[in-house]
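Undergrad:
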Amino acid sequence: MATFRRQVTALVLAHALSAAERGLAVIPLSRTKLPALRSPHRADPARPPCHGECGRPGHGVHDASTDPARIRELFAAAPWATGYGIACGLPPHHLVGVDLDTKPGTDAPAALRALGLRFRFTIPETVVVLTPSGGRHLWLTGPPDTVVPNSASRLAPGIDIRGAGGYLVGPGSRTAHGVYVTAPGTAHLRPAPCPRTLLRLLVPPPRPPRTPRRAPADGQGLLHFVLTAHEGQRNTRLFWAACRAHESGLGPTLTTPLLEAALATGLPEPEARATIASAARATGAPAGGGSRVPPP
């Protein structure tokens, strides 16, 4: 059994390295299709999570790489890996995955054809990966200046979209339900550009900017500290400011303004809420004492 497992991992690594040669960033996956490496932050809840800035593996799709040496390191750290994920939204391809699922009572391919007729687009000839459950993944590319978000059944039941921050299970991956394979006649193709009409359906309209609420004068410095954070330091600055707020007794008052300041810098809301909650725990803020982040 151990020999067979090593053979599976070696074969999957070969598939992953082949994908990387095509400019596709990859990570090792487990049999459950989840990232094989666990987060290095799980044992230290007081420390805010990051996107790999700490230099350790275990950050999911943020570990994805096209560097063969780095890929070998990731697989060496996860010898139980039986699959690999291909990160979407990254250059040079800016991959967009259209996942046509198979679920009782849904016909995702028919739903996609209906959308094409309604909005006048046709899926071009492109890479197609067949899933063990009978579904299929269509590989498309998006423009560099457009961020396509992940979504599940937003377009139609059974159609999931893998965009920025998401990943597709790569062909050759072995899961608990079977093996992912490239559809006959598509392995030699390059991912085709996403039709413009479909792209407009995938990208939601921009949300109006959120203006942070005013805070007490003695909290304005902390808000300014968060608002002036650059990408890569937003989480760290938010954690530091939230800690100082609790230590100065302003935690209950500044929780919502700090959250809104973080959102104004572009930090995702779930991540901002988790960081503020971590700061409350790190400073020993009493339960129910205002450390809970209220919904907007």
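All residue numbers for the sequence shown refer to my numbering, where the first residue is 396 and numbers rise by one.
Just so you know, even glycine gets a beta-carbon here, dropped at the ideal spot from N, CA and C.
(1) Quick check on the DSSP output: the alpha helix (DSSP H) that includes proline 463 runs from which residue to which?
(2) Can you list, in chain order, the stretches of the alpha helix (DSSP H) that have 4 or more residues and sit fully within the region 528 to 612?
(3) Leaving out five residues before and five after valine 621 in sequence, what residues of the same chain have Cβ atoms less than 8 Å from its Cβ?
(4) Counting only the same chain and skipping the five closest in sequence on each side, list residues whose C-beta sits under 7 Å from that of arginine 515.
(5) With DSSP collapsed to three states, give me the class of valine 421.
(6) Indicate the three-state DSSP secondary structure (helix, strand or coil) for glycine 480 in the structure shown.
(7) Nearest CA to the CA of valine 523: which residue from Gly511, Val491, Gly418 and Ala411?
(8) Report the rounded CA-to-CA distance for threonine 650 versus isoleucine 671, giving the unit in angstroms.
(9) Are the Cβ atoms of arginine 433 and glycine 447 separated by less than 8 Å?
(10) For valine 542, tell me which candidate among His457, Pro600, Pro586 and Thr501 has the shortest Cα-Cα distance.
(11) Using only CA atoms, which one of Cys449, Gly484, Gly511 and Ala409 lies nearest to proline 463?
(12) For arginine 687 and isoleucine 554, what's the separation of their Cα atoms in angstroms?
(13) Between glycine 683 and the rest of its own chain, which residues show a CB-CB distance below 7 Å, the 5 nearest in sequence each way excluded?
(14) As a quick exercise: from His619, Ile422 and Thr526, pick the residue whose alpha carbon is nearest that of aspartate 458.
(15) Using the beta-carbon count (16 or more within 10 Å), is threonine 477 buried or exposed?
TA: With the given structure in hand:
(1) Taking the sequence shown and counting its residues from 1, one reaches residue 463 at position 68. It spans 463 to 472 - the alpha helix (DSSP H) in which proline 463 sits, taken as one unbroken run.
(2) 591 to 597
(3) For the purposes of this step, residue 621 is identified with residue 226 of the sequence shown, where counting begins at 1. For valine 621, where only same-chain residues beyond five positions count, the Cβ hits under 8 Å are Arg629, Arg632, Leu633, Ala636, Leu653, Ala656, Ala657 and Thr660.
(4) For the purposes of this step, residue 515 is taken as the residue at position 120 of the sequence shown. Cβ within range, chain order: Thr592.
(5) Reading the sequence shown from its first residue, position 26 is the one you call residue 421. It is a strand residue.
(6) Along the sequence shown, read from residue 1 onward, the residue named residue 480 stands at position 85. Residue state, collapsed to three classes: strand.
(7) For the purposes of this step, residue 523 is taken as residue 128 along the sequence shown, with counting starting at 1. The candidate whose alpha carbon is nearest that of valine 523 is Val491.
(8) Working through the sequence shown from its first residue, we reach residue 650 at position 255. Working through the sequence shown from its first residue, we reach residue 671 at position 276. Threonine 650 and isoleucine 671: Cα-Cα distance of roughly 7 Å.
(9) Taking the sequence shown and counting its residues from 1, one reaches residue 433 at position 38. Taking the sequence shown and counting its residues from 1, one reaches residue 447 at position 52. In this structure, glycine 447 does not lie closer than 8 Å to arginine 433 by Cβ.
(10) Numbered from 1 along the sequence shown, position 147 holds the residue referred to as residue 542. Here the closest residue by C-alpha is Pro600.
(11) Position 68 of the sequence shown, counted from the start, is the residue given in the question as residue 463. Comparing Cα positions, the closest option is Ala409.
(12) As a position in the sequence shown, residue 687 is number 292, starting the count at 1. As a position in the sequence shown, residue 554 is number 159, starting the count at 1. Only weak support exists for where arginine 687 lies, its pLDDT of 44 falling under 50; the value from the coordinates is given anyway. Approximately 35 Å between the Cα atoms of the pair.
(13) Against the sequence shown, residue 683 aligns to sequence position 288. Note that glycine 683 has pLDDT 40, beneath the 50 cutoff, so the model's placement of it is unreliable and the number below is only indicative. Here glycine 683 has no same chain residue with a Cβ atom under 7 Å from its own Cβ, once five neighbours each way along the sequence are excluded.
(14) For the purposes of this step, residue 458 is taken as residue 63 along the sequence shown, with counting starting at 1. With distances taken between Cα atoms, aspartate 458 lies closest to Ile422.
(15) On the sequence shown, residue 477 is found 82 positions in, with the first residue counted as 1. A residue is called buried once 16 or more other Cβ atoms fall within 10 Å of its Cβ, and threonine 477 is buried on that count.
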